[in-house]
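Below: one structure, written as structure tokens.
Protein chains: 2
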Amino acid sequence: MSVSRVVHGTRRVTPEVERKVRAAIEKVGYEPNEAARILKGYRARVLGLIVPDLSDPFLATCANAVQETAREAGYMTLMAASGGREDVERKLTEIMMQRHVAGFLVIPSGSRNDHFAIVKKSRVPIVSLDRPLKRVETDTLTVDNRLAAARMTGHLISHGHRQILCIADDKSVFTSNERIVGYSQAMRRAELPVQVRLIRPIDGRISEKLKSVLDSVSSVTALFAINNVLAVRVLRELQRREVQMPERIALAAFDDFDAATLVRPTITVVRQPIAELGKRAAELVLARLRNDAIPSPSRIVLGTELVIRQSCGCGRRYLETSESGAKTV
Amino acid sequence: MSVSRVVHGTRRVTPEVERKVRAAIEKVGYEPNEAARILKGYRARVLGLIVPDLSDPFLATCANAVQETAREAGYMTLMAASGGREDVERKLTEIMMQRHVAGFLVIPSGSRNDHFAIVKKSRVPIVSLDRPLKRVETDTLTVDNRLAAARMTGHLISHGHRQILCIADDKSVFTSNERIVGYSQAMRRAELPVQVRLIRPIDGRISEKLKSVLDSVSSVTALFAINNVLAVRVLRELQRREVQMPERIALAAFDDFDAATLVRPTITVVRQPIAELGKRAAELVLARLRNDAIPSPSRIVLGTELVIRQSCGCGRRYLETSESGAKTV
DNA sequence: CTGAAAGCGCTAACAT
DNA sequence: ATGTTAGCGCTTTCAG
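Now the structure itself:
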């Protein structure tokens with residue numbers, strides 16, 4: 000039937016008929032059938048979200064924000080975890096394309112994300128979060144990893160530390176690399192030795208590796224852990240050794256985490272606007288869905304906060320943001 | 000075309016034709032169009048998952064397990080957070096039904112889940128996790144909350160505590176209530192006073208409320224926090240007061256959490272098999288999807304572990320499980 | 001045993 | 001300004 004004439008306003012009708020149709024719609028609670036629309040060639044009112052791991056607190060917060068934003072706009076969210084494996088990510092992408100999702104949100108894994116080229120060719124919008132997509136130009140939302148790492152390193156330097164060790168996991172991950180670069184820049188600027196140690200999760204027992212690293216750098220007086228997983232590991236090891244913190248060794252970390260305010264001393268960290276990352280990414284996809292006239296590809300970099308607690312050597316707490324300098328909590 | 004004759008094996012064909020068709024399918028990489036199948040009245044190869052909050056670490060772990068299990072079986076997962084609001088949950092359910100999801104996984108909020116009655120009438124399988132559905136009979140997976148709480152309380156009693164305060168948030172939530180009951184049973188069995196204090200998240204400043212509660216019970220020597228959110232709050236407050244733990248006050252909590260092993264003393268907790276909960280729930284839905292001949296409704300209760308650390312007063316660590324008594328780590 | 005056709009619900013194009 | 005129809009891809013039924 001010619002019901003959709005009114006619904007879509009695609010054709011002019013007499014006000015009287017319009018009223019009647021609207022009334023009927025109300026009464027029956029009519030909702031257009033998605034499957035039929037898809038069959039007709041339209042996209043589903045569904046967003047696809049692919050992240051490495053849905054159980055990771057960071058990513059879960061992100062996913063939650065995406066889902067919420069999508070829902071408010073009338074979209075459902077198909078979520079899937081890639082496990083950090085690029086082949087899984089590719090497969091998931093294909094399946095979601097088969098399902099005619101309207102847009103993609105991705106925290107990409109791997110180094111050649113060519114499978115998204117196909118998506119792009121179908122004119123389905125993609126937004127990558129946290130890390131940019133390699134080999135494919137898309138909208139990207141990241142955090143100012145480099146600046147934040149440099150600032151945090153600078154803060155440690157301002158405490159008088161000259162031997163600061165940067166503990167990282169995997170240089171090939173965009174965020175890790177950026178943070179290492181930020182740290183290195185700050186150290187070089189202060190004419191201090193750049194010392195980076197990689198503890199890859201693949202290297203069997205992480206804690207063993209960490210132990211040997213800490214053994215080998217006895218002159219170091221401060222540590223900068225590149226993410227919260229490493230921070231927790233480091234913390235545990237320092238506790239085991241009963242190292243005086245921050246007197247003997249100071250610690251700063253990237254990513255805020257629950258335990259950071261429960262342990263003594265409390266841990267100084269860079270805090271990322273995680274939920275905002277997800278929210279804005281979803282908004283960007285939704286905007287593209289409504290209207291293609293956004294200057295493409297847009298690359299948005301979100302600011303971070305230096306949350307200064309005690310582990311860096313500071314007595315009282317204050318808070319520094321990327322945008323606005325120093326704030327007091 | 001009559002392509003599906005082979006795919007579904009619904010009709011007998013000559014081996015020769017079969018080979019040809021199969022070859023063609025391989026070659027083109029043919030995949031049946033989901034939208035068309037749905038339009039024909041079949042269910043989508045999609046599971047719907049509704050939880051109160053996707054950013055909660057507990058629920059995120061659960062969701063991740065569900066998604067993974069579903070993916071392995073060729074199903075996608077539509078995930079949504081209800082925010083604990085029943086009206087949102089209802090709306091989400093309706094939308095997912097419109098999308099023809101094949102099955103539901105729910106961690107229900109609210110007290111009259113009648114909207115799932117409609118789902119059930121459509122013969123779409125529902126499994127509720129963590130909490131049973133009210134007013135609707137469905138497959139349910141829970142954890143032995145009551146037993147675990149009783150055992151943990153018993154453990155505190157065995158340390159010689161006689162004044163044990165149970166700190167809970169909301170009696171109307173199934174899990175909380177079960178745990179309170181478990182605690183109460185153990186106390187009564189030992190002829191000790193049952194003392195429960197409710198700190199509802201609605202009551203404005205949780206920490207203020209908590210302070211007054213702790214002020215009012217000076218004779219208490221042990222605390223049992225009913226979930227990890229409360230545990231963290233309690234922990235923070237005890238730290239602020241510089242209370243000697245476990246000497247002056249011992250602490251046990253429900254739900255393991257990251258910080259539990261980072262703080263000193265480490266926190267004794269009940270650990271739930273979170274990922275298993277999600278995995279088995281998904282498997283149950285998938286089983287129903289394959290075959291309706293499972294004794295309905297099945298109610299599965301998963302065992303928990305008592306992870307004995309230091310905050311209860313134990314020096315060394317050991318571990319107790321619901322099924323097998325005591326184990327050493 | 002195989003081919004043809006109807007029809008799921010929708011919308012765009014076409015006819016009135 | 002409104003009514004009719006074709007066709008999206010699938011499966012089931014009916015004819016052959």
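Keeping their order, the protein sequence lines are chains A and B. Heads up: the first sequence at position 323 corresponds to 322 in numbering that gives the first Met the number 0, and the numbers run straight through without jumps. Heads up: the second sequence at position 78 corresponds to 77 in numbering that gives the first Met the number 0, and the numbers run straight through without jumps. The C-beta atom is built at its ideal place from N, Cα and C for all residues, glycine as well.
Handout entry: For R308 of chain B, the nearest candidate out of B:I299, B:V262, B:Q184 (CA to CA)
Key = B:V262
Handout entry: Where V306 of chain A falls, given that 16 or more other Cβ within 10 Å makes a residue buried
Key = buried
Problem - Cβ pair A79 of chain B, T76 of chain A closer than 8 Å - result: yes
Practice task
Out of B:L132, B:L155, B:P192, point me to the one whose CA is closest to S171 of chain B's CA.
Solution key: B:L132
Handout entry: Local Cβ density within 10 Å of P56 of chain B, reported as buried at 16 or more and exposed below that
Key = buried
Practice task
Anything in chain A within Cβ reach of L276 of chain B, meaning under 9 Å, just list it in chain order.
Solution key: Per Cβ cutoff of 9 Å: no residues; L276 of chain B is ~12 Å from chain A at best.
Handout entry: Neighbour flag for D255 of chain B against chain A, beta carbons, 8 Å
Key = no
Problem - Among B:R204, B:G153, B:L146, B:I156, the one whose alpha carbon lies nearest that of D168 of chain B - result: B:R204
Exercise for the section: Output yes or no for whether 8 Å exceeds the beta carbon distance between R239 of chain B and D255 of chain B. Expected result: no
Exercise for the section: Please report the residue range of the alpha helix (DSSP H) in which A59 of chain B lies. Expected result: 56-71
Practice task
Mind checking who A238 of chain A pairs with in its DSSP beta bridge?
Solution key: Residue identity differs from the one stated: residue 238 of chain A is Gln in this sequence, not Ala. In DSSP, Q238 of chain A forms no bridge with anything.
Handout entry: Counted within 10 angstroms of its Cβ, other Cβ atoms place A22 of chain B as buried (16 or more) or exposed
Key = exposed
Problem - CB contact check: S108 of chain A to chain B, cutoff 8 Å - result: no
Exercise for the section: Report the neighbours of E30 of chain B on chain A: residues whose CB is nearer than 7 Å to its CB, in chain order. Expected result: Q97
Problem - At least 3 beta-carbon pairs within less than 8 Å: the region 79-94 of chain A vs the region 111-118 of chain A - result: yes
Practice task
Determine whether the Cβ of E67 of chain B lies closer than 8 Å to any Cβ atom of chain A.
Solution key: yes
Practice task
Compare the C-beta of P245 of chain A against all C-beta atoms of chain B and say whether one is closer than 8 Å.
Solution key: no
Practice task
Answer yes or no: does any C-beta atom of chain B fall closer than 8 Å to that of A59 of chain A?
Solution key: yes
Problem - Ranges of the beta strand (DSSP E) found wholly within the region 131-187 of chain A, counting only runs of at least 3 - result: 138-142, 163-167
Practice task
Compare the C-beta of S54 of chain A with all C-beta atoms of chain B and state if any pair is closer than 8 Å.
Solution key: yes
Exercise for the section: Compute the distance between the beta-carbons of F253 of chain B and A224 of chain B, then report whether it is under 8 Å. Expected result: yes
Practice task
Rounded to whole angstroms, what's the CA-CA distance from P330 of chain B to L213 of chain A? Just pull it up for me.
Solution key: Nothing in the structure corresponds to residue 330 of chain B, since chain B is present only between 0 and 328.
Exercise for the section: Might you give, ordered along the chain, the residues of its own chain that have their beta carbon closer than 6 Å to the beta carbon of Q162 of chain B, omitting 5 neighbours on each side? Expected result: S218, V219, T220
Handout entry: Coarse secondary structure for E282 of chain B, derived from DSSP in three states
Key = helix
Exercise for the section: Report whether the distance from the Cβ of L48 of chain A to the nearest heavy atom of the ligand GDP is below 7 Å. Expected result: Of the ligands one can find in the structure shown there are none, so the ligand GDP has no counterpart to examine.
Handout entry: Contact belief for V126 of chain A with T141 of chain A at Cβ below 8 Å, rounded distance in angstroms
Key = Rounded, the Cβ-Cβ distance is 11 Å, inconsistent with contact.
Problem - CB contact check: E33 of chain A to chain B, cutoff 8 Å - result: yes
Exercise for the section: List the DSSP bridge partners of A189 of chain B. Expected result: Its beta-bridge partners do not exist; DSSP assigns none.
Practice task
Just tell me which of B:H99, B:P245, B:L146, B:E207 has its CA closest to the CA of L197 of chain B.
Solution key: B:E207
Problem - Alpha carbon of E304 of chain A to alpha carbon of A147 of chain A, nearest angstrom - result: 8 Å
Problem - Residues that DSSP places opposite F253 of chain B in a beta bridge - result: B:V269
Exercise for the section: Step through the CB atoms of chain B and report whether any lies within less than 8 Å of the CB of A80 of chain A. Expected result: yes
Handout entry: Pair within 8 Å by beta-carbon distance, L276 of chain B and L128 of chain B
Key = yes
Exercise for the section: Specify the secondary structure class of G277 of chain B as computed by DSSP and reduced to three states. Expected result: helix
Handout entry: C-beta contact flag for A59 of chain B and L48 of chain A at 8 Å
Key = no
Problem - Buried/exposed call for A292 of chain A, threshold 16 Cβ in 10 Å - result: exposed
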